[in-house]
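Take a look at the structure below.
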Amino acid sequence: MSRLLPLLLLALLWSVPAAAHKPSDSYLRVRVGAPAPDPPLTLRWDVSLRDLDFLLGLDVNGDSAITWGEVRTRRDDIAAATLSRITVSADDRQLSLRLDDLLVTEHSDGAHAVLIVGTDAETPPAAVEVAYRLLFEEDPTHRGLVFLETPGGSSAPVILSPEARVATLAVS
Numbered sequence: 000m001s002r003l004l005p006l007l008l009l010a011l012l013w014s015v016p017a018a019a020h021k022p023s024d025s026y027l028r029v030r031v032g033a034p035a036p037d038p039p040l041t042l043r044w045d046v047s048l049r050d051l052d053f054l055l056g057l058d059v060n061g062d063s064a065i066t067w068g069e070v071r072t073r074r075d076d077i078a079a080a081t082l083s084r085i086t087v088s089a090d091d092r093q094l095s096l097r098l099d100d101l102l103v104t105e106h107s108d109g110a111h112a113v114l115i116v117g118t119d120a121e122t123p124p125a126a127v128e129v130a131y132r133l134l135f136e137e138d139p140t141h142r143g144l145v146f147l148e149t150p151g152g153s154s155a156p157v158i159l160s161p162e163a164r165v166a167t168l169a170v171s
């Protein structure tokens, strides 16, 4: 029996699944200068459903599967929890933000809510500043990846973290 014990322990250790946790990221696309009739500045913000579940408890039935119904019924809560943690300024004027649409998409790290955010920008700005605060207090490994999208293409991401919370994007 004493010879079997090390083998049993080795088999037990080998069978324990690895529980690696991918740090959470959100993807914020600042869209400027779209052709009319599109607005001059909008946002597309992809936020992980697991992060929203952490903030809001979306999985109401506790089955570890967040459904579209659970997301849809919490639309106002999602808007309040996210939009209160971001400030967007265009040419040094702070913009009003509103949730225009809520969708769901898949990324390599799982399902994300897609927030289509409208602004009160009247013309395409020359510069945009994004002050970002989503999840930094709750998860210091969280990162916000901010992209600038114009009719001419998309920029490389600016990575925001608890140490770097503001992205300044030159449009022209």
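The sequence shown runs 0 to 171 under the numbering used here. Where a beta carbon is used, it is the ideal one built from N, C-alpha and C, also for glycine. Being a predicted model, the structure only gives us computed values, none of them experimental.
From residue i to residue j, what distance separates their C-alpha atoms?
| i | j | result |
| --- | --- | --- |
| Glu121 | Ser63 | 42 Å |
| Gly56 | Arg28 | 26 Å |
| Thr118 | Asp108 | 28 Å |
| Tyr26 | His141 | 11 Å |
| Ser88 | Pro150 | 20 Å |
| Val129 | Glu162 | 14 Å |
| Val116 | Thr86 | 12 Å |
Thinking C-beta only, is residue j closer than 8 Å to residue i?
| i | j | result |
| --- | --- | --- |
| Val46 | Leu114 | yes |
| Leu144 | Asp24 | yes |
| Val165 | Ala112 | no |
Give the C-beta separation of residue i and residue j to the nearest angstrom, bearing in mind that I take them to be a contact with Cβ-Cβ under 8 Å.
| i | j | result |
| --- | --- | --- |
| Val157 | Val127 | About 11 Å separates the two Cβ atoms, so there is no contact after all. |
| Arg30 | Glu148 | 5 Å |
| Leu40 | Pro123 | 7 Å |
| Ala33 | Ile65 | Actually they do not touch by this definition, with Cβ atoms about 31 Å apart. |
Determine, for residue i, whether the minimum Cβ-Cβ distance to residues of chain B falls below 8 Å.
| i | result |
| --- | --- |
| Leu159 | Among the chains of the structure shown, chain B does not appear; only one protein chain is present. |
Buried or exposed, going by whether 16 or more other CB atoms sit within 10 Å of the CB of residue i?
| i | result |
| --- | --- |
| Ala155 | exposed |
| Leu94 | buried |
| Ala125 | exposed |
| Thr173 | Past the edges of the chain, shown from 0 to 171, lies residue 173, and the structure says nothing about it. |
| Leu102 | exposed |
| Trp67 | exposed |
Does at least one heavy atom of the ligand GDP sit under 7 Å from the Cβ of residue i?
| i | result |
| --- | --- |
| Leu55 | Absence of the ligand GDP from the depicted structure is noted, as is the absence of any ligand whatsoever, leaving it without description. |
Tell me, please, whether the stretch 49-56 touches the stretch 72-87 by the rule of three or more beta-carbon pairs shorter than 8 Å. In this structure the stretch 49-56 touches the stretch 72-87; the number of beta carbon pairs closer than 8 Å is three or more.
Stretch-stretch touch, CB-based, cutoff 8 Å, three pairs: the stretch 93-110 with the stretch 134-141: For the pair of segments examined, the stretch 93-110 was found not to touch the stretch 134-141: the number of CB pairs separated by less than 8 Å stays below three.
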